[in-house]
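Colleague:
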Amino acid sequence: MDPQTAGKTGRTLELLHSLSYFVPETEKELVALGLEPGRMVYFAGRAAPLGTPPATVVTSAFYNFNPELVASVIPRAWDLAKPSEIVAARYRAIDAAYVRLLCEDVTSSPDMAEAAELVSIAARNIPGVEGRPLYAGWASVEWPTVPHVAFWHALTLLREYRGDGHIAALQTAGLNGLEALITHTATGIGFQKKFAQNRRGWSTEQWEQAVRDLQDRELLDRKSGALTEDGQELRDVVEDLTDDLALAPWDALGESGADRLLELAAPWRAALIEQEVFPAALFGPRFGNLR
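No gaps in the numbering here: position 19 of the sequence shown is 18 in numbering that gives the first Met the number 0, and each next residue is one more.
Structure follows, in structure tokens:
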């Protein structure tokens, strides 16, 4: 399998992982443990497999969040709930959300069991944890036995493995966390600017200074704020390198296995979009495109 096909496969399936940040079940379960709703649920829920990391470690691993935002809830979250409890609650939330969104006939179907087996082949063939902190944390979680939860778990391993490699690619390209966020927003694929800035905790002054820096590097157009030719080329380099660094597990699954997995998952992905799990108003005009 070539890196571009592997990258397309991973990005196509990503919504079936990232729904966990948008469904109400996640917040309900984690708030019931004592966590504060909103940002604490997000940071603690995603970082819990790392143990009780300080804010600096979470900032490093998550990359494009304002360090002050992270420090407002981490490490305080670890005094409110144990990481092991948070992890267990997140899996309960995924179990419930999948059943609600896809219906039990789907989650208990042979197709789901087959999809879980296929994506598990890829995830179990991730070659190692070196330089992949978030993947390493999630890889330490016991593998679920329920097929639709195992499906999400495997997708999460693959997503965090890819994400860790993406950070390496961004560093190679000379884009810090805020610059990475701004240039990704400029592609139209990610969040809308206002939501991205607020969600990641950046002030208007910080955002505008980073925009000026990118304009000085001729990566953003001074008038429109769009990516310049050089800016688009740099983003393409980042995505190509990310695909290269995420190839191994998908190569182990092979093209026929990946094609079958995409075929099985297509109606589930469509169901999430149809039910507006990802509110269109929060995302750019090209959301849903793979590049």
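All C-beta atoms, glycine included, are put in the ideal place defined by N, C-alpha and C.
This one's a predicted model, so the numbers in the text were calculated from it and none came from an experiment.
For residue 21, which of helix, strand or coil comes out of DSSP?
Modeller: Taking the sequence shown and counting its residues from 1, the one referred to as residue 21 is at position 22. Residue 21: coil per DSSP, three-state reduction.
Colleague: Going by DSSP, what residues sit across from residue 288 in a beta bridge?
Modeller: In the sequence shown, the residue the question calls residue 288 occupies position 289. Answer is 286.
Colleague: Among all the DSSP beta bridges, which residues are the ones paired with residue 68?
Modeller: Position 69 of the sequence shown holds residue 68. DSSP output for residue 68 lists no bridge partner at all.
Colleague: Counting pairs of Cβ atoms below 8 Å between the segment 176-186 and the segment 60-78, do you hit three or more?
Modeller: Enough Cβ pairs lie closer than 8 Å, so yes.
Colleague: Nearest by alpha-carbon distance to residue 160: which of 106, 234 and 122 is it?
Modeller: For the purposes of this step, residue 160 is identified with residue 161 of the sequence shown, where counting begins at 1. It is 122 whose Cα lies nearest to the Cα of residue 160.
Colleague: Under a three-way DSSP split, which group does residue 218 fall into?
Modeller: Looking up residue 218 in the sequence shown gives position 219. Note: residue 218 maps to coil in three-state DSSP.
Colleague: Straight-line CA distance for residue 248 to residue 202?
Modeller: For this step, residue 248 is matched to residue 249 along the sequence shown. For this step, residue 202 is matched to residue 203 along the sequence shown. Residue 248 and residue 202: Cα-Cα distance of roughly 38 Å.
Colleague: Output the residue ranges of the alpha helix (DSSP H) runs that lie fully inside the segment 104-156 and measure 4 residues or longer, sorted by chain position.
Modeller: The segment 104-156 contains these whole alpha helix (DSSP H) runs: 109-123 and 132-138.
Colleague: Counting only the same chain and skipping the five closest in sequence on each side, list residues whose C-beta sits under 6 Å from that of residue 217.
Modeller: Here the question's residue 217 lines up with position 218 in the sequence shown. Counting only Cβ-Cβ distances below 6 Å, and skipping sequence neighbours, we find 227 and 229.
Colleague: Could you spell out the range, first to last residue, of the alpha helix (DSSP H) harbouring residue 231?
Modeller: As a position in the sequence shown, residue 231 is number 232, starting the count at 1. Residue 231 -> alpha helix (DSSP H) spans 228-244.
Colleague: What is the DSSP secondary structure of residue 190, reduced to helix, strand or coil?
Modeller: Looking up residue 190 in the sequence shown gives position 191. Here residue 190 sits in strand by DSSP.
Colleague: Grab me the residues of residue 191's own chain with a C-beta within less than 8 Å of its C-beta, minus the 5 sequence neighbours each way, in chain order.
Modeller: What you label residue 191 is simply residue 192 of the sequence shown in a count that begins at 1. The residues are 184, 280, 281, 282 and 283.
Colleague: Quick one, are the C-beta atoms of residue 25 and residue 19 less than 8 Å apart?
Modeller: Looking up residue 25 in the sequence shown gives position 26. Looking up residue 19 in the sequence shown gives position 20. Cβ atoms of residue 25 and residue 19: closer than 8 Å.
Colleague: If you check the beta carbons only, do residue 260 and residue 112 fall under 8 Å apart?
Modeller: Taking the first residue of the sequence shown as position 1, residue 260 is located at position 261. Taking the first residue of the sequence shown as position 1, residue 112 is located at position 113. Result no, Cβ atoms of residue 260 and residue 112 do not sit closer than 8 Å.
Colleague: Within 10 angstroms of its Cβ, does residue 78 collect 16 or more other Cβ (buried), or is it exposed?
Modeller: On the sequence shown, residue 78 is found 79 positions in, with the first residue counted as 1. Classification of residue 78: exposed, given that the 10 Å Cβ count is below 16.
Colleague: Pair every Cβ in the segment 199-215 with every Cβ in the segment 264-279, then say whether three or more of these pairs are closer than 8 Å.
Modeller: Contact between the segment 199-215 and the segment 264-279 is absent, because fewer than three Cβ pairs lie under 8 Å.
Colleague: Measuring alpha carbon to alpha carbon, tell me which residue in 96, 238 and 246 is nearest residue 290.
Modeller: Here residue 290 refers to the residue found at position 291 of the sequence shown. Comparing Cα positions, the closest option is 238.
Colleague: Out of 147, 146, 145 and 153, point me to the one whose CA is closest to residue 139's CA.
Modeller: Position 140 of the sequence shown, counted from the start, is the residue given in the question as residue 139. For residue 139, the nearest C-alpha among the options comes from 153.
Colleague: Roughly how many whole angstroms lie between the Cα atoms of residue 124 and residue 8?
Modeller: Indexing the sequence shown from 1 puts residue 124 at position 125. Indexing the sequence shown from 1 puts residue 8 at position 9. C-alpha separation (whole angstroms): 16 Å.
Colleague: Quick one: using the 10 Å Cβ neighbour count with 16 as the cut-off for buried, is residue 242 buried or exposed?
Modeller: Here residue 242 corresponds to residue number 243 of the sequence shown, with the count starting at 1. Its Cβ being crowded by 16 or more others within 10 Å, residue 242 is buried.
Colleague: Mind checking residue 144: buried by the 16 CB within 10 Å criterion, or exposed?
Modeller: What you label residue 144 is simply residue 145 of the sequence shown in a count that begins at 1. It is exposed - the Cβ of residue 144 has fewer than 16 other Cβ atoms within 10 Å.
Colleague: CB-CB under 6 Å to residue 220, same chain, minus the five flanking residues each way: which ones, in chain order?
Modeller: Locating residue 220 in the sequence shown gives position 221, where the first residue counts as 1. Excluding sequence neighbours, residue 220 sits near 227.
Colleague: On the DSSP letters alone, give me the boundaries of the alpha helix (DSSP H) that residue 78 sits inside.
Modeller: In the sequence shown, residue 78 corresponds to position 79, counting from 1. Run containing residue 78: 76-79, per the alpha helix (DSSP H) assignment.
Colleague: Would you grab the beta carbon distance between residue 29 and residue 44 for me? Rounded to a whole angstrom, and I think it's under 8 Å.
Modeller: In the sequence shown, counting from the first residue as 1, residue 29 sits at position 30. In the sequence shown, counting from the first residue as 1, residue 44 sits at position 45. Residue 29 to residue 44, Cβ: 6 Å. Contact.
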